[in-house]
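Colleague: Sending over a structure as structure tokens; questions will come in a sec.
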Amino acid sequence: MPAITCDNIKNFACNYICLQVRDKELLSLLGPNGSGKTTLLNAIAGFTDYQGSIQFDGKRIDRIPPNERGVGYLFQNLALFPHLNVIDNIGYSLKIRKWNPVKIRERVNELVEMMNIKHLVGRYPHSLSGGEKQRVALARALAPSPLILLLDEPLSSLDAQTAKYLRTELKQIQRKLGITTIYVTHDLMEAVNIADRLAIILDGRIEQVDDPETLLFYPHNQKVSDFIGAPNILDCDYCKNTGQGVMEVGWRGLKIYVPHDGNAIRRIAILPRHVYVSEDKPRGPGVNSFVARIQDIIPRMDTVRIKLEINSNSLLAEIPCHIFEEMSLEKGKQVYIILRMKRIRVFENGNDSHFSG
Amino acid sequence: MKFLKRLQPGWGLLPVVFFLTCWELISRLNLIPGNLLPPFSAVIVEFYHLSTSGILGQNFLSSLTRVMIGFSAGSITGIILGTLMGWYKIADRALNPLISLFYPIPTLGWIPLLMLWIGINEMLPVMLIFICSFFPILYNTITGIKNVDRDYIKAARSLGASDFQLLTTVVIPLALPNIFTGLRLEAGMAWRVIIAAEMVAIPTGIGALLMKAESLIRIDIIIVCLIVLAIMCLIFEKLFEFLEMKLTSRWKRYAGNNM
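Protein sequences, first through last, are from chains V and P. The working numbering puts the first residue of the first sequence at 1, with every later residue one more than the last. The working numbering puts the first residue of the second sequence at 1001, with every later residue one more than the last.
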């Protein structure tokens, strides 16, 4: 499988983009809407004009038409052909290549097995659910054994639970096939969960390409930091397994519980928007619930950032403006906070890491 | 309830039966002066006579042949040219101005010119039907092709389809509902136009029979011809409706949104 090299790609949305995707890597292209993510994918797939050059494994492919680039493309709206049933959708690329019908059937069966969609084969796209369509579309994209897979926000239209399930599956399949993949998304959590490396694209420029941990902890510049939302990074003093997949970590005198079952935890991170602020003492068991004092209130575009002090340590929370207006928060006021357990990101002593949740 | 349900499809016939009864009564009771409305039963008898003598069959066949040839030629040309214009921008740019110029001319307006150009022969009605079916089918095809979602096209391309494969396996099948709308409407229209052409210019066919009946003041024959026409228009329209359903109903109804 080839590596992808984008060399000074310039067009209406891309601003001299240079990007290298390694062999067999899953790179997540992360950026807000309108940042040029999809345009870059389209350039790689050959659907849009550009200056500069794109190479697959060192070979320039700029003059190769899209149908000969050997790229599998999963569109945001999936674009399953409505007039073909599941089998014909998946086998489309093979029929185009004039494969022997027996071989087509074999290959389609293989993909249908891999994607667990055997029960859907005779159905038409209109009768499939979002998750089912997703699987069919992925099977279709993988059918001709593409060298490169481009995924354009493939899970954005699914409910959180299905998306999470499919994300894991997608990652497994990518690993199994060892296919070089670019995964476009605007969701940091999704990107961190699935990708080997993240590339942050803002206003048509690649601002930073790094592994999830480096990117979260060491953003190169203010723009990246603003985009990823300045996560609270907590270095753990100790880590204790309490059993049942939950670990207790200590952070400057506070006990924080995280759902984790693996190596010892070195650091945890939580985005400010996942720190809940409440004026009243929250009900419930009080796990990860602490008393804090407001140090500062920083209004932003449509959110308000609240700098909190807990045991003389700082923590950042972020709440939407309309919720802030309903509360009466002011500097020096004592509030209750909850670190949402499922949203805490865990970094183990090894290199491996994952978001719990 | 079951009995009522079984009756339901037949209920559509009730107004027709009512209409025919009224017609028969009005005529039998001489409510319309001057024998201008023969009773329905007399029309049926005449229908029988015309059929057995072969006059109706002969005229009907010549009309049918003209419609079939003109309509097939017009629709095939319309579909091919429409596909080219919908798919290739250059073809669209080159031909659109010309076609926009000719399209508004009413089909029957061509009769005098065509009579002088090709004379009064079999080609005249065929040509008229060709013109009548060509333009609307052309426009429907262009719209159908242009309306195919770009994402389907991109998907097919990324899956390896060449231009021609893309056209035959994705674009034309997805444009079929639009193409069929054109075919269905024009199949009925072809019969309307052939009658007009035969009435004015050609001595054979249902239209010509109508005109002969008019000169002999045979209202019953006129009505027989009109009934045949009505039935043929309906059969042609329904035939294409059926074909459309066969080819597209499995997916069409649901394909409004992105799949």
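Even glycine gets a Cβ: it sits at the ideal position worked out from N, Cα and C. Since this is a predicted model, take the numbers as computed values, not measurements.
I'd like to confirm the pairing. Which residues does DSSP put opposite residue 349(V) in its beta bridges?
Modeller: Paired residues: none, contrary to the question.
Colleague: Looking at the ligand GTP, does it come within less than 6 Å of residue 191(V), judged from the CB to the closest heavy atom?
Modeller: Ligands in the displayed structure: none, and consequently the ligand GTP is not present.
Colleague: Residues of chain P with a CB under 7 Å from the CB of residue 97(V): which are they?
Modeller: Result: 1160.
Colleague: Take the Cβ of residue 174(V) as the centre, count every other Cβ of all protein chains shown within 10 Å, and call the residue buried at 16 or more, exposed below.
Modeller: With 16 or more Cβ atoms within 10 Å of its Cβ, residue 174(V) is classed as buried.
Colleague: Quick check on residue 347(V) - is its C-beta less than 7 Å from some C-beta in chain P?
Modeller: No, its Cβ sits nowhere closer than 7 Å to a Cβ of chain P.
Colleague: Tell me whether residue 1211(P) is buried or exposed, calling it buried when 16 or more other Cβ atoms sit within 10 Å of its Cβ.
Modeller: So residue 1211(P) counts as buried.
Colleague: Report yes if the CB atom of residue 125(V) is closer than 7 Å to the CB atom of residue 93(V), and no otherwise.
Modeller: No, the pair does not count as a contact, with Cβ atoms beyond the cut-off.
Colleague: Between residue 17(V) and chain P, is any beta-carbon pair separated by less than 7 Å?
Modeller: Answer no: the Cβ-Cβ gap between residue 17(V) and chain P never drops below 7 Å.
Colleague: Since residue 1251(P) meets chain V, which of its residues come closer than 7 Å, beta carbon to beta carbon?
Modeller: The answer, in chain order, is 82, 83, 124 and 126.
Colleague: When we look at the beta-carbon of residue 1117(P) and count the other beta-carbons within 10 Å, is it buried (16 or more) or exposed?
Modeller: Exposed: under 16 other Cβ atoms inside 10 Å.
Colleague: Measure the alpha-carbon distance for residue 254(V) versus residue 266(V) and round it to whole angstroms.
Modeller: Computed Cα separation, rounded: 15 Å.
Colleague: Three or more beta-carbon pairs under 8 Å between the segment 131-139 of chain V and the segment 160-178 of chain V, yes or no?
Modeller: Touching, per the Cβ criterion.
Colleague: Which residue spans inside the segment 188-248 of chain V form an unbroken beta strand (DSSP E) run of at least 3?
Modeller: 197-202, 205-210, 232-235 and 238-243, all fully within the segment 188-248 of chain V.
Colleague: Tell me where the alpha helix (DSSP H) around residue 1067(P) begins and ends.
Modeller: Per DSSP, residue 1067(P) belongs to the alpha helix (DSSP H) from 1055-1087.
Colleague: Which bits of chain V does residue 1152(P) rub up against, with CB to CB less than 7 Å?
Modeller: Going along chain V in sequence order, the residues near residue 1152(P) (Cβ under 7 Å) are 79 and 81.
Colleague: Return the chain-ordered list of same chain residues with a C-beta closer than 6 Å to the C-beta of residue 73(V), the five sequence neighbours on each side being excluded.
Modeller: The residues are 45 and 150.
Colleague: Under 7 Å Cβ-Cβ, which residues of chain P neighbour residue 335(V)?
Modeller: Correct list: empty, because the minimum Cβ distance to chain P is about 45 Å.
Colleague: Going by DSSP, which residues form a beta bridge with residue 182(V)?
Modeller: Bridge partners of residue 182(V): 27(V) and 150(V).
Colleague: Please report the straight-line C-alpha distance between residue 1086(P) and residue 1247(P), rounded to a whole angstrom.
Modeller: Looking at the two C-alpha atoms, the distance is approximately 21 Å.
Colleague: Could you have a look at residue 1032(P) and say whether DSSP puts it in helix, strand or coil?
Modeller: It is coil, neither helix nor strand.
Colleague: Throw me the rounded Cβ distance for the residue 338(V) and residue 289(V) pair, which I believe falls under 8 Å.
Modeller: Going by Cβ atoms, the distance from residue 338(V) to residue 289(V) rounds to 5 Å, so yes, they are a contact pair.
Colleague: Compute the distance between the beta-carbons of residue 258(V) and residue 121(V), then report whether it is under 7 Å.
Modeller: Cβ distance not < 7 Å, so residue 258(V) and residue 121(V) don't count as in contact.
Colleague: Could you please give me the residues that DSSP links to residue 323(V) through a beta bridge?
Modeller: According to DSSP, which records beta bridges pairwise, residue 323(V) is partnered with nothing at all.
Colleague: Against chain P, with Cβ distances strictly below 7 Å, would residue 67(V) count as a contact?
Modeller: Yes - at least one Cβ of chain P is within 7 Å of the one on residue 67(V).
Colleague: Could you tell me whether the Cβ atoms of residue 10(V) and residue 51(V) are closer together than 7 Å?
Modeller: Closer than 7 Å, so yes.
Colleague: Using 7 Å as the limit for Cβ to Cβ distance, is residue 139(V) near chain P?
Modeller: Cβ-Cβ to chain P under 7 Å: no for residue 139(V).
Colleague: Buried or exposed for residue 208(V), going by 16 or more other Cβ atoms inside 10 Å?
Modeller: It is buried - the Cβ of residue 208(V) has at least 16 other Cβ atoms within 10 Å.
Colleague: How long is the line joining the alpha carbons of residue 1226(P) and residue 91(V), rounded to whole angstroms?
Modeller: Between residue 1226(P) and residue 91(V), the C-alpha separation is close to 52 Å.
Colleague: Does residue 1102(P) pass the burial test, meaning 16 or more other C-beta atoms within 10 Å, or should it be called exposed?
Modeller: Exposed, since its Cβ has fewer than 16 Cβ neighbours within 10 Å.
Colleague: Could you tell me whether any Cβ in chain V is nearer than 7 Å to the Cβ of residue 1244(P)?
Modeller: By this cut-off, residue 1244(P) is not an interface position.
Colleague: Could you give the distance in angstroms between the alpha-carbon of residue 1043(P) and the alpha-carbon of residue 1126(P)?
Modeller: Cα to Cα, the separation comes out at about 30 Å.
Colleague: My assumption, with CB atoms under 8 Å, is that residue 28(V) sits in contact with residue 198(V). Please give the rounded CB distance.
Modeller: The Cβ separation is near 5 Å, so the contact holds.
Colleague: Using a threshold of 7 Å, state whether the C-beta atoms of residue 318(V) and residue 272(V) are closer than that.
Modeller: Yes. Within cutoff.
Colleague: Could you give the distance in angstroms between the alpha-carbon of residue 219(V) and the alpha-carbon of residue 116(V)?
Modeller: The alpha-carbon atoms of residue 219(V) and residue 116(V) are separated by roughly 39 Å.
Colleague: Considering Cα atoms alone, identify which of 102(V), 31(V), 203(V) and 36(V) is closest to residue 228(V).
Modeller: Nearest option by C-alpha distance: 31(V).
Colleague: Mind checking if residue 1157(P) is an interface residue toward chain V, Cβ cutoff 7 Å exclusive?
Modeller: Taking Cβ atoms only, chain V reaches closer than 7 Å to residue 1157(P), which makes this a yes.
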